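The next block holds one structure in the form of structure tokens; read it before the comments.
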Amino acid sequence: MKKSTFVTLLLLGFQPLWSQVIDVHLHSYIDNEYYGGHSLNGVASPKTAELHLKETIDQMNKNNIKFAVVSGSIGSVQKYVKADPRFIAGYVDDVKLIPVTEFEQLIQDGKIKVFGEVSGVYYGRTLNDTIYAPYLKICEKYDIPVAYHTGGGPPETPFHGFPKFRLSLGDPLLIEDVLIRYPKLRVYLMHGGENFFENSVRMMKVYTHLYIDLGVLLWVDPFINEYAIRLLKLAKQANVLDRVMFGTDQIVWTGAISKSIEFLNAQPFLTEQEKRMILYDNAKVFLKIK
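In the working numbering, the protein residues as written are 5 to 294.
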């Protein structure tokens, strides 16, 4: 393709193949679940759940996001999936999970395609807890990926609705038995382990089917950004960048999507090919997107 032709196509809105993105970590809401309307470190949040959906889709259009795993309550996820077919339906657990039979039926009906975000850390448990065993067995049976929260949480988490939260439970080493017990289970560690990122990379060297996403490491604040840089450099040194996936955990701050892509693209130690792997290729393989 001639350079002049390529420039013309860009002006017409054409997106080159290498700019395609898959975001494996978004969230959905309905009105009575939504708590946005305030900014976080300069990233604005829409005031309503309806605006959150609209602005999330706007961000996906802006950044050429072809697919996005979205998790939340069953009702909120179905709302987002109905609004845009690029959303891949996830399911967030709570203190109590939906009945196992209902979980399996929703999988059979195509209404749950990813089990996660599994956020047991907030409820005083890990993925290795017996409460998850029947759900993981079903996920392995139907080849459903599991997205598991690792690392920490917001400031004062135990004092704001999650009294059983413990930072120590976010260590990915605590779920090693799950990887052994369910060898065919597709698992990715959300936030890449955050402060436990070295343990995540070490596990990836041993368990070659284990993936991670970058989540809030890419945008939430400069302190957390440092974990992203150190994680990516270590993953590159360990030759496991081909299992690092792009995810934003936009929560209620939809602008986190653009900010995350800008941060990743600004890292000088990553080649263009490596950025492409993280932004698109790795997730395409993990999610088995044809």
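Virtual Cβ for every residue (Gly too), placed ideally from N, Cα, C. Keep in mind that this is a model prediction, so the values were computed, not measured.
Among the options, which residue has its Cα nearest to the Cα of residue i?
i, options, result
"alanine 93", "Leu101, Glu278, Leu268 and Val74", "Val74"
"phenylalanine 200", "Ala232, Leu291 and Leu222", "Ala232"
"lysine 263", "Lys292, Leu221 and Asp285", "Leu221"
"valine 205", "Gln254, Phe227, Lys237 and Glu230", "Lys237"
"proline 176", "Phe107, Gln241, Glu198 and Asn65", "Glu198"
"tyrosine 146", "Asn203, Glu59, Gly40 and Gly114", "Gly114"
"leucine 110", "Ile135, Phe91 and Ile142", "Ile142"
Report buried or exposed for residue i, applying the criterion of at least 16 other Cβ atoms within 10 angstroms of its Cβ.
i, result
"glutamine 112", "exposed"
"alanine 72", "buried"
"phenylalanine 107", "buried"
"alanine 242", "exposed"
"isoleucine 148", "buried"
"valine 210", "exposed"
Quick check: the Cα distance between residue i and residue j, rounded to an integer number of angstroms?
i, j, result
"valine 118", "valine 150", "6 Å"
"proline 125", "valine 256", "Per the sequence presented here, residue 125 reads as valine, with proline not at that position. About 20 Å."
"methionine 249", "leucine 140", "22 Å"
"isoleucine 323", "glycine 79", "The chain is shown from 5 up to 294; residue 323 falls before or after that span and cannot be answered."
"proline 226", "threonine 105", "43 Å"
"valine 289", "isoleucine 26", "11 Å"
"alanine 287", "isoleucine 293", "8 Å"
"proline 159", "phenylalanine 169", "11 Å"
"leucine 44", "valine 224", "8 Å"
"glutamine 277", "aspartate 62", "26 Å"
Less than 8 Å separating the beta-carbons of residue i and residue j?
i, j, result
"arginine 190", "isoleucine 216", "no"
"valine 182", "asparagine 132", "yes"
"serine 123", "glycine 76", "no"
"glycine 174", "threonine 154", "yes"
"valine 4", "tyrosine 192", "Residue 4 lies beyond the range of the chain shown here (5 to 294); nothing can be said about it."
"threonine 252", "glycine 219", "yes"
Any beta-carbon of chain C closer than 8 Å to the one on residue i?
i, result
"leucine 183", "Chain labels in this structure do not include chain C; a single protein chain is all it has."
**Ordered list of alpha helix (DSSP H) runs contained in the segment 60-92, each at least 4 residues** = Counting whole runs of 4 or more residues, the segment 60-92 contains the alpha helix (DSSP H) stretches 78-87.
**Request:** Only counting runs of 4 or more residues, tell me where the alpha helix (DSSP H) segments fall wholly within the segment 156-185, in order along the chain.
**Result:** Counting only runs of 4 or more, we get 180-185.
**Asked** What residue ranges within the segment 186-263 form continuous beta strand (DSSP E) runs of no fewer than 3 residues, ordered along the chain?
**Response** Qualifying beta strand (DSSP E) stretches, in chain order: 191-194 and 215-217.
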